[in-house]
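A quick write-up on the structure given underneath.
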Amino acid sequence: MRAAVARRDRLEVAELDDPQPGSGHVLVKTLACGICGSDLHAAQDLRRFIELTGRVGGPGSLDPDRDLVFGHEFCAEIVDFGPSTERRLPIGTQVCSFPAIVGPSGPQPIGYSNEFPGGLAELMTLQEALLLPVPEGLSPEQAALTEPLAVGRHAVARADLTGGEVCLVIGAGPVGLAVVAALRERGARPVIAADFSPTRRRLAEVAGADEVIDPAARSPYAGWGDLGIPTGVGERTLMDMLGMPVRETVIFEAVGAPGVLQSIVDGAPPRARVVVVGVCMQPDGIEPFLAVAKELDVRFAFGYTPDEFATTLETLGRHELPAEALITLRVGLDGVSDAFAALRDPVEHGKVLVTH
Ligand SMILES: [Zn+2]
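Going by my numbering, the first residue of the sequence shown is number 966, and it counts up by one from there.
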């Protein structure tokens, strides 16, 4: 089979042996697969990526000197079954799957495994027990957005919304867009999204943002007063003492670059909840005094649960999420390397899909 292989710090299209489905596995033909920000991080500095995932006790173990096929945001079609499979879904069924598989050396994350190729290959093996059939009327490309959109659903779940919060999303790349879409689905209002890219601001509107902000033109943190939110600690304390109702704020960090968390800590109103879902791999600093004095509640979000994944696919099947509009580029395997390079300067793209 053909695959885009990460090999010696490069991405190259190569011919690999077809994967053989093991016990409990199915062989699938990949139909569409998204390129994720985590893939870009890993491709850029695989050793650092391996070191960090090792320190949190992540599943699997990656060898930077062996071939690796990225791709964990996929939709595929069943072509064959391995031993010890139930075969409840017939050959030809289009499926999505939580990106994990159990191999001889234990559970492995699909897309970050030397043993199991990800969706940037023509064929993959998946765990039969994790397969979810694609709902009728949903294209493989739309279904491939299940994974990134589930990330947004999970981040919003981590925010513990109680209703009435003002939600600000910093960054409208694929993660921020997924957060905006999940907030809209939850009925949160207003949802405000900030991004320097006009393309991404337009996509944020499509995803359901009530208002978009160009941070080059005005600070995303300048409008609290207009929304009736006290901006200073003194003002907030006074309102609390007088028993005045205060509108709460949730800020999502969906950029994942050094300095962004500090800008949020600096710009957040007192008692704001902050959900960090952007993945920053470098050390980063904040001024804790600001967060302490404002009593900010900072949480971190990563991935999604299997339930959130399945619910996202169902929601896509009901066409309640704006999947199609978020896809801004489709490439074949030969275009993967260029697409990775283009995404390093991520101003013009929403979701990039590799189609087979
Ligand atoms: Zn991803």
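Glycine included, C-beta positions come from ideal geometry on N, C-alpha and C.
DSSP on residue i, reduced to helix/strand/coil?
| i | result |
| --- | --- |
| S1049 | coil |
| L1278 | helix |
| M1206 | helix |
| V1021 | coil |
| R1149 | helix |
| F1014 | helix |
| H990 | strand |
| A957 | Nothing in the structure corresponds to residue 957, since the chain is present only between 966 and 1321. |
| P1072 | strand |
| E1218 | strand |
| I1043 | strand |
| L1294 | strand |
| P1185 | coil |
| P1055 | coil |
| V1140 | helix |
| P1113 | helix |
| E980 | strand |
| Q1092 | strand |
| F1254 | helix |
| I1194 | coil |
Counting only C-beta atoms, is residue i closer than 8 Å to chain D at any point?
| i | result |
| --- | --- |
| V1156 | Given the protein chain composition of this structure (a single chain), no chain D is represented. |
Any heavy atom of ligand 1 closer than 7 Å to the beta-carbon of residue i?
| i | result |
| --- | --- |
| P1113 | yes |
| E1038 | yes |
| C1061 | no |
| C1001 | yes |
Take residue i and list the residues in its own chain whose beta-carbon comes closer than 8 Å to its own, dropping the five residues that flank it on each side.
| i | result |
| --- | --- |
| D1125 | R1238 |
| L976 | A969, V970, A1008, V1301, S1302 and F1305 |
| V1145 | G1117, V1134, A1137, V1156, A1158, A1169, A1172, G1173 and A1174 |
| P1024 | A1065, G1071, P1072, Q1073 and P1074 |
| F1081 | P984, I1066, G1068, Q1073, I1075, M1089 and T1090 |
| P1180 | A1159, D1160 and F1161 |
Going straight from the alpha carbon of residue i to that of residue j, what length do you get?
| i | j | result |
| --- | --- | --- |
| I1292 | H1037 | 16 Å |
| P1064 | L1203 | 49 Å |
| D1160 | H1314 | 12 Å |
| L1005 | T1127 | 35 Å |
| R1052 | T1058 | 11 Å |
| V1060 | E1042 | 6 Å |
| L1017 | D982 | 30 Å |
| S1228 | S1104 | 39 Å |
| G1268 | V1021 | 14 Å |
| I1015 | D974 | 13 Å |
| G1183 | T1164 | Before going on, a small fix: residue 1183 reads as Arg here, not Gly. If I take the Cα positions, the gap works out to 17 Å. |
| L1281 | F1254 | 42 Å |
| A1307 | F1217 | 25 Å |
Confirm, please, whether the CB-CB distance from residue j to residue i is below 8 Å.
| i | j | result |
| --- | --- | --- |
| V1171 | P1287 | yes |
| V1296 | V1312 | no |
| A1153 | E1176 | no |
| L1261 | V1230 | yes |
| L1097 | G999 | no |
| L1226 | I1194 | no |
| R972 | D1010 | no |
| A1143 | E1273 | no |
| G1083 | V1034 | yes |
| S1327 | S1003 | With the chain covering 966 to 1321 only, the question about residue 1327 has no answer from this structure. |
| N1079 | L1027 | yes |
| K994 | P1139 | no |
| C1001 | A1108 | no |
| G1141 | A1256 | no |
| L1192 | R1212 | yes |
| L1294 | L1085 | no |
| K1259 | R1283 | no |
| D1249 | P1223 | yes |
| E1106 | E1285 | no |
| E1093 | M966 | no |
| A1120 | A1266 | yes |
Ignore the nearest five residues each way along the sequence and tell me which others in residue i's own chain have a CB closer than 7 Å to its CB.
| i | result |
| --- | --- |
| T1196 | W1189, G1190 and P1234 |
| P1322 | A question about residue 1322 goes unanswered here, because the residues of the chain that appear run from 966 up to 1321. |
| P986 | L992, D1045, F1046, G1047 and T1090 |
Skipping 5 residues on each side, what residues in its chain have a beta carbon closer than 6 Å to that of residue i?
| i | result |
| --- | --- |
| H990 | G1047 and T1090 |
| S1062 | L1091, L1095 and L1096 |
| G1221 | G1243, V1244 and C1245 |
| A1290 | V1171 |
| T1277 | T1111, L1114, A1115 and R1118 |
| Y1186 | G1232 |
| V1215 | A1124, E1130, C1132 and R1238 |
| I1178 | A1159 and P1185 |
| V1263 | V1239 |
| E1101 | none |
Looking at residue i and ligand 2, is the gap between the Cβ and the nearest heavy atom below 7 Å?
| i | result |
| --- | --- |
| F1265 | Only ligand 1 can be found as ligands here, which leaves ligand 2 out of the picture. |
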